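Written below as structure tokens is the structure these notes are about.
Protein chains: 2
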Amino acid sequence: MKDIKVIGFDADDTLWHNEQYFLDAEKQFWELLEDFLPQHASARELMKTEMQNIQLYGYGIKAFTLSMIETAISITDGTITSSGIEKIIGYGKDMLAKPIEIIPDVEHVLTELQGKYRLVVVTKGDLLDQQRKLIKSDLEGYFHHIEIVSEKNNTEYLKLTNHLDITPSEFVMIGNSLKSDVLPVLNIGGHGMHVPYHTTWEHEQINRKIEHEQFYELETIKDVLNYF
Amino acid sequence: MKDIKVIGFDADDTLWHNEQYFLDAEKQFWELLEDFLPQHASARELMKTEMQNIQLYGYGIKAFTLSMIETAISITDGTITSSGIEKIIGYGKDMLAKPIEIIPDVEHVLTELQGKYRLVVVTKGDLLDQQRKLIKSDLEGYFHHIEIVSEKNNTEYLKLTNHLDITPSEFVMIGNSLKSDVLPVLNIGGHGMHVPYHTTWEHEQINRKIEHEQFYELETIKDVLNYF
Numbered sequence: 006m007k008d009i010k011v012i013g014f015d016a017d018d019t020l021w022h023n024e025q026y027f028l029d030a031e032k033q034f035w036e037l038l039e040d041f042l043p044q045h046a047s048a049r050e051l052m053k054t055e056m057q058n059i060q061l062y063g064y065g066i067k068a069f070t071l072s073m074i075e076t077a078i079s080i081t082d083g084t085i086t087s088s089g090i091e092k093i094i095g096y097g098k099d100m101l102a103k104p105i106e107i108i109p110d111v112e113h114v115l116t117e118l119q120g121k122y123r124l125v126v127v128t129k130g131d132l133l134d135q136q137r138k139l140i141k142s143d144l145e146g147y148f149h150h151i152e153i154v155s156e157k158n159n160t161e162y163l164k165l166t167n168h169l170d171i172t173p174s175e176f177v178m179i180g181n182s183l184k185s186d187v188l189p190v191l192n193i194g195g196h197g198m199h200v201p202y203h204t205t206w207e208h209e210q211i212n213r214k215i216e217h218e219q220f221y222e223l224e225t226i227k228d229v230l231n232y233f
Numbered sequence: 006m007k008d009i010k011v012i013g014f015d016a017d018d019t020l021w022h023n024e025q026y027f028l029d030a031e032k033q034f035w036e037l038l039e040d041f042l043p044q045h046a047s048a049r050e051l052m053k054t055e056m057q058n059i060q061l062y063g064y065g066i067k068a069f070t071l072s073m074i075e076t077a078i079s080i081t082d083g084t085i086t087s088s089g090i091e092k093i094i095g096y097g098k099d100m101l102a103k104p105i106e107i108i109p110d111v112e113h114v115l116t117e118l119q120g121k122y123r124l125v126v127v128t129k130g131d132l133l134d135q136q137r138k139l140i141k142s143d144l145e146g147y148f149h150h151i152e153i154v155s156e157k158n159n160t161e162y163l164k165l166t167n168h169l170d171i172t173p174s175e176f177v178m179i180g181n182s183l184k185s186d187v188l189p190v191l192n193i194g195g196h197g198m199h200v201p202y203h204t205t206w207e208h209e210q211i212n213r214k215i216e217h218e219q220f221y222e223l224e225t226i227k228d229v230l231n232y233f
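The listed protein sequences derive, respectively, from chains G and H. With my numbering applied, the first sequence covers 6 to 233. With my numbering applied, the second sequence covers 6 to 233.
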């Protein structure tokens with residue numbers, strides 16, 4: 006990994022737990038609606054609503070909450086009570102108020118890399134959510150800055166490397182999503198390291214094996230240090 | 006206005022109409038609940054919910070929609086039907102899908118200033134919302150870049166001028182909110198130009214007259230050109 010100047014870290018499920026909170030909320034949501042629909046069917050309906058709304062709503066907990074409400078109304082054929090809706094609003098607020106749980110070894114890795122490379126956070130989601138998480142995590146000091154992008158695609162990563170005044174080949178991105186953190190970075194000539202999270206949002210999953218000389222498949226975040 | 010290197014523009018209600026859309030949605034909301042509460046009382050309740058939620062939700066249309074739903078449930082004492090909730094979700098979606106309406110003379114002003122100064126957009130709100138608006142507005146090309154901040158306060162403006170590699174005295178901010186666009190910029194030693202919008206969100210209003218040698222009170226955005 007010579008020539009690397011900047012290391013980009015995905016935030017949710019790479020630096021700290023996130024998807025698990027969505028799954029926990031979703032589980033409550035399924036249980037709430039169990040009298041109307043079996044859990045796996047509620048899950049499918051919610052995913053459908055989320056995908057329909059993503060263009061308009063984007064990502065994040067507020068978008069998720071609105072999609073849960075919409076799905077609950079449709080699943081119950083409009084018979085959901087307002088106390089049901091209040092519960093769903095509560096699931097969302099609980100998520101927003103959750104403490105940040107840092108993934109093991111993240112601090113060790115950041116301590117080792119700090120000073121040797123410019124470290125940045127690259128994340129999508131609601132600005133306020135993500136800033137709050139970074140501050141609550143106490144990891145803010147390790148990073149040069151935080152880049153919040155609306156989509157993790159070729160264009161946005163190219164903008165990022167331009168903005169950082171480096172060539173894509175001087176950039177490596179580390180994250181749990183092949184689709185968002187790895188593939189677009191490889192596409193523009195950068196390096197990508199995949200650190201799987203125990204669960205990955207359906208929307209982020211891809212069904213193919215990556216073979217690329219600038220791609221590194223790791224087991225845990227700690228393995229990052231084998232390359233630097 | 007010598008020494009100015011960077012001109013910051015607020016986006017909502019400075020470059021394009023925004024608050025009016027919130028007011029239009031709110032009006033529909035009041036009418037929906039008219040059987041339960043007179044309009045001015047609904048307005049007060051909604052504002053109360055918004056203020057309670059702002060720490061958790063931040064700004065933007067999704068936050069506004071969730072607060073409308075919560076308020077409607079409380080105003081109707083839980084008797085609102087799910088079709089009422091669906092209507093509220095629809096108000097939010099309509100807002101998100103609205104075309105961008107640029108405020109008169111904005112393009113003329115930007116054309117005159119472009120090339121002579123570095124122009125940036127400084128805005129708070131949901132990232133995806135704001136980026137979508139900038140692209141839809143066709144104004145993107147005039148700006149060096151867009152800064153989306155979680156709050157418009159002294160700290161964030163200082164970060165901004167550092168980030169831009171200028172001193173605050175080389176920065177002027179133009180916007181419709183004294184509280185967000187002008188006062189914090191004056192506080193850090195920058196210049197502030199106030200261009201009033203015909204309506205300003207209650208939360209943004211302040212009750213005092215500003216006297217400051219780096220403050221400029223304008224009538225319309227066109228008056229900006231008198232100073233450059």
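Backbone N, C-alpha and C fix where the C-beta goes; we use that ideal spot for every residue, glycine too. Keep in mind it's a predicted model, so treat the numbers as computed, not measured.
Sequence-distant residues of its chain with Cβ nearer than 6 Å to residue i (five each side left out)
i	result
H:HIS217	LEU191
H:SER72	THR54, GLU55, ASN58
H:GLY195	PRO173, PHE176
H:ALA16	VAL126, THR128
C-beta neighbour in chain H for residue i, strict 8 Å
i	result
G:ALA46	no
G:THR76	no
G:SER88	yes
G:SER155	yes
G:GLU91	yes
G:LYS98	yes
G:LEU169	no
G:LEU20	no
G:LEU71	yes
G:ILE94	yes
G:GLN2	Residue 2 of chain G lies beyond the stretch modelled for chain G, which goes from 6 to 233, so this question has no answer here.
G:GLN57	no
G:GLN25	no
Own chain partners of residue i with C-beta closer than 8 Å, once the 5 adjacent residues on each side are dropped
i	result
H:TRP35	GLN44, SER47, ALA48
G:VAL187	MET178, GLY180, GLY197, MET198, HIS199, ILE215, PHE220
H:LYS141	PRO104, ILE105
Cutoff 8 Å: residue i Cβ touching any chain G Cβ
i	result
H:TYR62	yes
H:GLY197	no
H:ILE151	no
H:ALA68	yes
H:ILE85	yes
H:LYS103	no
H:GLN136	yes
Beta bridge counterpart(s) of residue i as assigned by DSSP
i	result
H:ILE151	H:VAL126
G:HIS199	G:GLY180, G:GLU222
G:ILE12	G:LEU124, G:VAL177
H:GLN119	H:TYR122
H:TRP35	Looking at the DSSP assignment, H:TRP35 forms no beta bridge with any residue, so it has no partner.
H:ILE107	H:TRP21
Candidates the options: closest to residue i by CA position
i	options	result
H:GLU241	H:PHE233, H:ASN181, H:VAL187, H:ILE215	Residue 241 of chain H lies beyond the stretch modelled for chain H, which goes from 6 to 233, so this question has no answer here.
H:LYS138	H:LYS121, H:LEU124, H:ILE105, H:VAL126	H:ILE105
G:GLY146	G:GLN136, G:ASN167, G:ILE153, G:VAL154	G:GLN136
G:ILE193	G:LEU183, G:TYR162, G:TYR202, G:LYS184	G:TYR162
G:GLN89	H:LEU101, H:LYS92, H:MET100, H:GLU75	The identity of residue 89 of chain G in the sequence shown is Gly, whereas the question assumes Gln. It is H:GLU75 whose Cα lies nearest to the Cα of G:GLY89.
H:THR116	H:LEU144, H:ILE108, H:SER185	H:LEU144
H:LEU101	G:GLY63, G:ASP110, G:GLN119	G:GLY63
H:LYS227	H:TYR26, H:GLN60, H:ASP110	H:ASP110
H:ILE107	H:ILE80, H:GLN119, H:LEU20	H:LEU20
Close-in-space but distant-in-sequence residues of the same chain around residue i (CB under 7 Å, 5 per side omitted)
i	result
G:ASN158	PRO189
G:VAL11	TYR122, ARG123, VAL125, LEU169, ILE171, GLU175, PHE176
G:HIS150	VAL125
H:GLU156	LYS129
H:TYR202	ASP18, GLU24, ASN181
G:ILE78	ILE85
Residue i CB to nearest heavy atom of the ligand GDP below 7 Å
i	result
G:ASP143	As for the ligand GDP, it is missing from this structure, which has no ligand bound.
task: Count the C-beta pairs between the segment 84 to 104 of chain H and the segment 25 to 42 of chain H that are closer than 8 Å, then say yes if the count reaches three, no if not.
output: Result yes; three or more Cβ-Cβ pairs closer than 8 Å.
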